[in-house]
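S.K.: The structure is given below, and queries will be raised subsequently.
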Amino acid sequence: KAVTFVIGNIAAIMLIFLILFTCVTIFSRYIFNINMRGYEELPTIVFIVFVWLGSVLSARDDSMLKVPLIQDALPEGAPRLILQFISLVISSMVLCAFTPLAYNLWMVNLERGTVSAAVGFNMWWVYGSMFVGVLGMAVYYVVNTVKCLLRLIKQIRPHEEKEEKEEKEEKV
């Protein structure tokens with residue numbers, strides 16, 4: 172709930188900023204014929220941060236965009252859960268491998284004082300949002316992997332218990 176509250180409020184503020192700044196840019200350019208001289212890159216930068224932070228919530232809810240062609244072709248139950256589990260394991264591994272790379276990129280740009288091309292905004296917060304997004308996704312993908320494994324175990328266990336009961340009945 173804390174993650175939703177913090178990221179949700181930051182995202183709401185950023186979205187309001189994006190809308191207002193885009194409107195100001197449009198009015199200044201087309202109505203007043205004033206060029207914003209590079210400040211037009213700011214909504215793009217804010218949008219990048221918005222996407223990285225939003226990806227954490229999307230990973231938490233396991234609502235990333237998917238194309239479930241193979242998954243839909245499989246029968247309900249264990250086969251689908253096995254495929255989902257494999258997919259989550261691969262995603263978790265990739266995100267865990269990418270997390271230190273994102274952190275290093277953030278630190279390098281923080282040390283170098285990297286700025287945006289047109290106006291010179293500090294870019295450390297953009298790279299920091301990428302690290303937070305990747306770290307959050309990695310954590311939630313690992314959690315979702317464990318949850319899927321537990322569902323898979325629950326799915327398989329009743330079948331094993333049923334087979335054991337049938338074997339006992341056959342012996343009697």
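When we follow the working numbering, the leftmost residue of the sequence shown carries the number 172, and every step to the right adds one.
Don't be surprised by glycine CBs; every beta carbon is placed ideally from N, CA and C.
Report the option in 263, 288, 179 and 298 whose CA atom is closest to the CA atom of residue 279.
M.R.: On the sequence shown, position 108 is the one that residue 279 refers to. When the alpha-carbon of residue 279 is set against those of 263, 288, 179 and 298, the nearest one is in 298.
S.K.: The alpha helix (DSSP H) that contains residue 175, what's its start and end?
M.R.: Here residue 175 corresponds to residue number 4 of the sequence shown, with the count starting at 1. Segment 173-197, the alpha helix (DSSP H) holding residue 175.
S.K.: Would the segment 307-315 count as touching the segment 224-234 if we require 3 or more Cβ pairs under 8 Å?
M.R.: yes
S.K.: Enumerate in chain order the residues of its own chain whose CB-to-CB distance from residue 249 is below 7 Å, with the five nearest sequence positions on each side excluded.
M.R.: As a first step, residue 249 must be located in the sequence shown, where it is residue number 78. Correct list, in chain order: 323, 326 and 327.
S.K.: Are the beta-carbon atoms of residue 188 and residue 214 separated by less than 9 Å?
M.R.: Looking up residue 188 in the sequence shown gives position 17. Looking up residue 214 in the sequence shown gives position 43. Taking 9 Å as the Cβ cut-off, residue 188 and residue 214 qualify as a contacting pair.
S.K.: Decide yes or no for the touch test of the segment 266-282 against the segment 232-246: beta carbon pairs closer than 8 Å, at least 3 of them.
M.R.: No, because fewer than three Cβ pairs between the segment 266-282 and the segment 232-246 fall closer than 8 Å, the two stretches do not touch.
S.K.: Can you tell which of 184, 294, 256 and 220 has the C-alpha that lies nearest to the C-alpha of residue 233?
M.R.: For this step, residue 233 is matched to residue 62 along the sequence shown. That would be 256, whose Cα lies nearest to the Cα of residue 233.
S.K.: Let's see if you can read the secondary structure: which residues bound the alpha helix (DSSP H) around residue 202?
M.R.: Within the sequence shown, the letter at position 31 stands for residue 202. Unbroken run through residue 202: none, as it is neither H nor E.
S.K.: Taking just the CA atoms, how far does residue 261 sit from residue 172?
M.R.: Translated into positions along the sequence shown, residue 172 becomes position 1. Translated into positions along the sequence shown, residue 261 becomes position 90. Between residue 172 and residue 261, the C-alpha separation is close to 27 Å.
S.K.: Please classify residue 238: does DSSP put it in a helix, a strand, or coil?
M.R.: Within the sequence shown, numbered from 1, the residue matching residue 238 stands at position 67. In the displayed model, residue 238 falls within coil according to three-state DSSP, outside both helix and strand.
S.K.: Fully enclosed by the segment 237-324, which alpha helix (DSSP H) runs are 4 residues long or longer?
M.R.: 240-244 and 249-283
S.K.: Enumerate in chain order the residues of its own chain whose CB-to-CB distance from residue 320 is below 7 Å, with the five nearest sequence positions on each side excluded.
M.R.: Along the sequence shown, one-based indexing puts residue 320 at 149. Excluding residues within five positions, the ones whose Cβ falls inside 7 Å are 256.
S.K.: So, helix, strand or coil for residue 225, using DSSP?
M.R.: The sequence position of residue 225 within the sequence shown is 54, counting from 1. Residue 225 falls in the helix class under three-state DSSP.
S.K.: Buried or exposed for residue 217, going by 16 or more other Cβ atoms inside 10 Å?
M.R.: By one-based count along the sequence shown, residue 217 stands at place 46. Its Cβ being crowded by 16 or more others within 10 Å, residue 217 is buried.
S.K.: Tell me the rounded alpha-carbon separation between residue 335 and residue 252.
M.R.: In the sequence shown, counting from the first residue as 1, residue 335 sits at position 164. In the sequence shown, counting from the first residue as 1, residue 252 sits at position 81. Going from the Cα of residue 335 to the Cα of residue 252 covers about 23 Å.
S.K.: When the Cα atoms are used, what is the spatial distance from residue 296 to residue 236?
M.R.: Taking the first residue of the sequence shown as 1, we reach residue 296 at position 125. Taking the first residue of the sequence shown as 1, we reach residue 236 at position 65. Cα-Cα distance, rounded: 26 Å.
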